[in-house]
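Numbering follows this note's numbering, with no gaps: position 167 of the sequence shown is 170. Here a beta-carbon is modelled for each residue, glycine too, at the ideal position from N, C-alpha and C. In what follows, a structure is listed as structure tokens, so that the remarks can point back to it.
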Amino acid sequence: MVASDIKLTAFNRFLSERQQKLGGALFIVDDEGRMIAHSGNSSPSNILHFPNITNNSVLNATINEISADWPPEPEKLGKSFHFDIHEKQGYFYGTVKKIALPPPFQHQWYVVVALPDQLLLESLLSQQEISIYLVIAISVVGLVIVYLIIRQLTRPLRDTAEAAAKLASGNLTYRINTPANLREIAILKDAFNNMSGKMQESFNRLRQQVRQDNLTQLYTREGLIEQAAGLRYRSPNTLAILGVNGFRDINDSLGQDGGDVLLRAIAQRLTDLAEGSKMLIARVRGDEFAVLAPHTTNRTQSEALVSQLLSLFNRPVTIGNDDVLVDACAGVVFGYTYGDAIHESLQHAGLALSEAKRSDTAMYVYFEASMQARVQEQSRLLLELHHAVQHHEFVVFYQPFVRLSDGYFCGAEALVRWESPSRGMVSPAEFIPVAEQSGLINQIGMQVLEQAAFDTVAQIEAGRWPAHFQLHVNLSARQLLSADFIDKLEQVLTRTQLPPENLTLEITESQLMSHEHLATSGLTKIRALGIKIAIDDFGTGYSSLAYLHQMAFDSLKIDRSFVHSMTENSTNQRIIEAVVAMTRGMDVHLVAEGIETKEEAARLREIGCHYAQGFLFARPLPLAEQPTERVTDKLPAR
Ligand code: C2E
Ligand code: CA
Ligand code: CA
Numbered sequence: 004m005v006a007s008d009i010k011l012t013a014f015n016r017f018l019s020e021r022q023q024k025l026g027g028a029l030f031i032v033d034d035e036g037r038m039i040a041h042s043g044n045s046s047p048s049n050i051l052h053f054p055n056i057t058n059n060s061v062l063n064a065t066i067n068e069i070s071a072d073w074p075p076e077p078e079k080l081g082k083s084f085h086f087d088i089h090e091k092q093g094y095f096y097g098t099v100k101k102i103a104l105p106p107p108f109q110h111q112w113y114v115v116v117a118l119p120d121q122l123l124l125e126s127l128l129s130q131q132e133i134s135i136y137l138v139i140a141i142s143v144v145g146l147v148i149v150y151l152i153i154r155q156l157t158r159p160l161r162d163t164a165e166a167a168a169k170l171a172s173g174n175l176t177y178r179i180n181t182p183a184n185l186r187e188i189a190i191l192k193d194a195f196n197n198m199s200g201k202m203q204e205s206f207n208r209l210r211q212q213v214r215q216d217n218l219t220q221l222y223t224r225e226g227l228i229e230q231a232a233g234l235r236y237r238s239p240n241t242l243a244i245l246g247v248n249g250f251r252d253i254n255d256s257l258g259q260d261g262g263d264v265l266l267r268a269i270a271q272r273l274t275d276l277a278e279g280s281k282m283l284i285a286r287v288r289g290d291e292f293a294v295l296a297p298h299t300t301n302r303t304q305s306e307a308l309v310s311q312l313l314s315l316f317n318r319p320v321t322i323g324n325d326d327v328l329v330d331a332c333a334g335v336v337f338g339y340t341y342g343d344a345i346h347e348s349l350q351h352a353g354l355a356l357s358e359a360k361r362s363d364t365a366m367y368v369y370f371e372a373s374m375q376a377r378v379q380e381q382s383r384l385l386l387e388l389h390h391a392v393q394h395h396e397f398v399v400f401y402q403p404f405v406r407l408s409d410g411y412f413c414g415a416e417a418l419v420r421w422e423s424p425s426r427g428m429v430s431p432a433e434f435i436p437v438a439e440q441s442g443l444i445n446q447i448g449m450q451v452l453e454q455a456a457f458d459t460v461a462q463i464e465a466g467r468w469p470a471h472f473q474l475h476v477n478l479s480a481r482q483l484l485s486a487d488f489i490d491k492l493e494q495v496l497t498r499t500q501l502p503p504e505n506l507t508l509e510i511t512e513s514q515l516m517s518h519e520h521l522a523t524s525g526l527t528k529i530r531a532l533g534i535k536i537a538i539d540d541f542g543t544g545y546s547s548l549a550y551l552h553q554m555a556f557d558s559l560k561i562d563r564s565f566v567h568s569m570t571e572n573s574t575n576q577r578i579i580e581a582v583v584a585m586t587r588g589m590d591v592h593l594v595a596e597g598i599e600t601k602e603e604a605a606r607l608r609e610i611g612c613h614y615a616q617g618f619l620f621a622r623p624l625p626l627a628e629q630p631t632e633r634v635t636d637k638l639p640a641r
């Protein structure tokens, strides 16, 4: 048996020392509320049942807090309770713990501790503060590490993206050189470098194709531009474009291979000519060659070169078993044609070439500024013509023709006029060529035909024109060649109720000559409808008189150039006499155009021409002003 004597006053002192440090209350009490020891110094220790200890308010308040419910339920032990002391203005936390005393003790002791929350909170706050700083610091360090890792990983990707952008902007030589740590990225890098290498190869090949003509090994248009753009000379020089005449026919008759042989032969002759000089030679289009000659610094030299170029076509080219002779014409620019001016010069030379091709006499044409202006004016005109077709701005004038035997008006030619809101009344001579080139003639021609047919039917019905009146309407080859022309023609006849025998369509001899085969089949179809055909401007199209027999037509209109300069025993008179003689056996009406004087009328009548048309009898006039009387007064007495 061990017994120990605890001095409660010493115990009290110990507790009050602790309490001074902590600023709370601390005591041991048994289950019946008897104080064993407490931190309230100077107070008796053996106080029963929680008496007031007046000199320690915290102790008092703590005792108050727990004494109401003493001894505490077992589940409350170790739990904290919360109370406040108003005079100290503070909150306190307390807790009660049981000290299990071994037998023979019959009582239970409890340790009660109360501490100001300030104490707890302070440590808590400082602890929290530290942890917040710590978390922030860790996060920052973490972020930096993650950033560095990502940077390291994505650098090759970024380089690839940059390289792709460079590639897109045309830098095909760029390669990625950054070492790649990841296998996938290394594969990507290699694939990229591979791809840009391949792209550069095909780009170079393509460039070569664009620069050099495959067929002739000459420069292409682009190649020539590239070369000429880099040239700098002080003196003017010559740029000529040579166009092979009738190249399409050669292709048609000898096949494309034959055409290729011809082009290669021409290229070879040009190359031979250029050898040893600084001339640049190119094939700028299918059948067009360009020559840029820096050594021709004055106009005489320039013209000498052009003649030399054209003389290359004097010798035939052997294609298979055939010797083929072709000729060419040239459009030439003399001036500063290189450097930046090359684009414009090529365009100008092209314009001059078109002029040369149109010309019947000139083999070459030098560019002049007026050509440019004309082309611009033509495109303006074309734009307005489109508008005119849509808004039906065309009106039809009629120029009658007269039977020379008795002066009767027996028909009229419909001649189109354009009543343009901006230009006023425009002559067909101005706009028909543009309309023909653009194909607008198809619509214009149909509008004229329909209007003229309506007018004629109305005039015949009103008794102003005789029942057998011949309406002549001009027809362009372009219309005749269009696939649906015959259908449209029939539709117009149906709509207007014009009998086909009242209609004659005029087509010029020169247009018939240039589209021989197609035109003849078209003419046959027209005549099968009961419509008549007149060959217009006869004598200007170089058709042989013998050839006339093969053509299907009903009347011939002798061109006014023959009538005009027809004097006693002149060549023109003899030509007209020959035509009259030729057609005598044929069932053909002869019409002389452009009669302006009584003498011309008299001579034509003598020669045996049946009909005449010209200002002498009537100018082209609107429908309302058409003459209805006979014009015997305009005819000389017999
Ligand atoms: P074209 O068919 O030879 O028409 C005759 C032209 O000669 C008319 O000119 C007419 O005014 C003119 N003329 C008539 N008598 C005389 C004369 O005594 N002396 C002179 N110096 N000239 C005379 P216009 O009306 O200016 O027509 C010019 C050309 O326009 C026509 O020549 C014809 O080829 C074309 N054209 C007119 N209307 C049409 C049309 O509806 N369709 C087509 N495709 N062409 C048309
Ligand atoms: Ca005519
Ligand atoms: Ca005519």
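Using a C-beta cut-off of 8 Å, the stretch 342-351 makes contact with the stretch 225-239, since at least three inter-stretch Cβ pairs fall below that distance. Relative to ligand 1, the nearest heavy atom lies less than 7 Å away from the CB of G617. Counting the other CB atoms within 10 Å of its CB gives G323 a total below 16, which places it among the exposed residues. Taking the Cα positions, E187 is about 26 Å away from E204. The beta-carbon distance between V566 and E596, rounded to whole angstroms, is 6 Å. This is short enough to meet the 8 Å contact definition. For P436, the enclosing alpha helix (DSSP H) has its first and last residue at P431 to S441. In the DSSP assignment, T511 forms a beta bridge with D539.
Residue selection by CB proximity (closer than 7 Å to any heavy atom of ligand 2) returns E416, H475, N477, E509, D539 and K560 in chain order. Checking the DSSP bridge columns, you'll see T241 partnered with A296 and F337. Residue E20 holds the alpha-carbon nearest to the alpha-carbon of S42 among Q440, N184, E20 and E291. Short note on E596: C-beta closer than 7 Å to some heavy atom of ligand 3. T12 and L18 have their alpha carbons spaced roughly 10 Å apart. The beta carbon of D275 sits no closer than 7 Å to any heavy atom of ligand 3. Inclusion of F397 and Q450 in the CB contact set at 8 Å is warranted, their separation being smaller than that value.
At least one heavy atom of ligand 3 lies less than 7 Å from the C-beta of D562. Of all C-beta pairs linking the stretch 409-424 to the stretch 355-363, fewer than three are shorter than 8 Å, placing the two stretches out of contact.
Listed as beta-bridge partners of C332 by DSSP are G246.
The Cβ atoms of N196 and R178 sit closer than 8 Å to each other. Considering only L532, I39, V460 and R426, the residue with the shortest C-alpha distance to L492 is L532. For S382, the uninterrupted alpha helix (DSSP H) segment begins and ends at A372 to Q393.
One thing to note: R622 has its Cβ within 8 Å of the Cβ of Q402. Taking a contact as a CB-CB distance under 8 Å, the pair H475 and E433 does not count as one, their CB atoms being some 21 Å apart. In this structure, the CA atom of R286 is about 7 Å from the CA atom of R224.
Residue environment for K100: exposed (fewer than 16 other C-beta atoms within 10 angstroms of its C-beta).
Ranked by Cα distance from T507, the first of V594, T570 and S83 is V594.
Per DSSP, Q215 is not a residue of any beta strand (DSSP E), being assigned neither H nor E. Just so you know, the alpha carbons of L624 and F400 end up roughly 5 Å apart. Counting along the chain, K360 sits inside the alpha helix (DSSP H) bounded by residues I345 to R361. The DSSP-derived three-state label of D290 is coil. In the displayed model, T364 falls within coil according to three-state DSSP, outside both helix and strand. Taken from the Cβ of A640, every heavy atom of ligand 1 lies 7 Å or farther away. By the C-beta density criterion, M198 is exposed, having fewer than 16 other C-beta atoms within 10 angstroms. The Cβ atoms of V368 and N248 lie no closer than 8 Å to each other. Taking the C-beta atoms as reference points, G36 is found no nearer than 8 Å to E68. Taking the C-beta atoms as reference points, I435 is found no nearer than 8 Å to V392. Under the three-state reduction of DSSP, F565 is assigned to helix.
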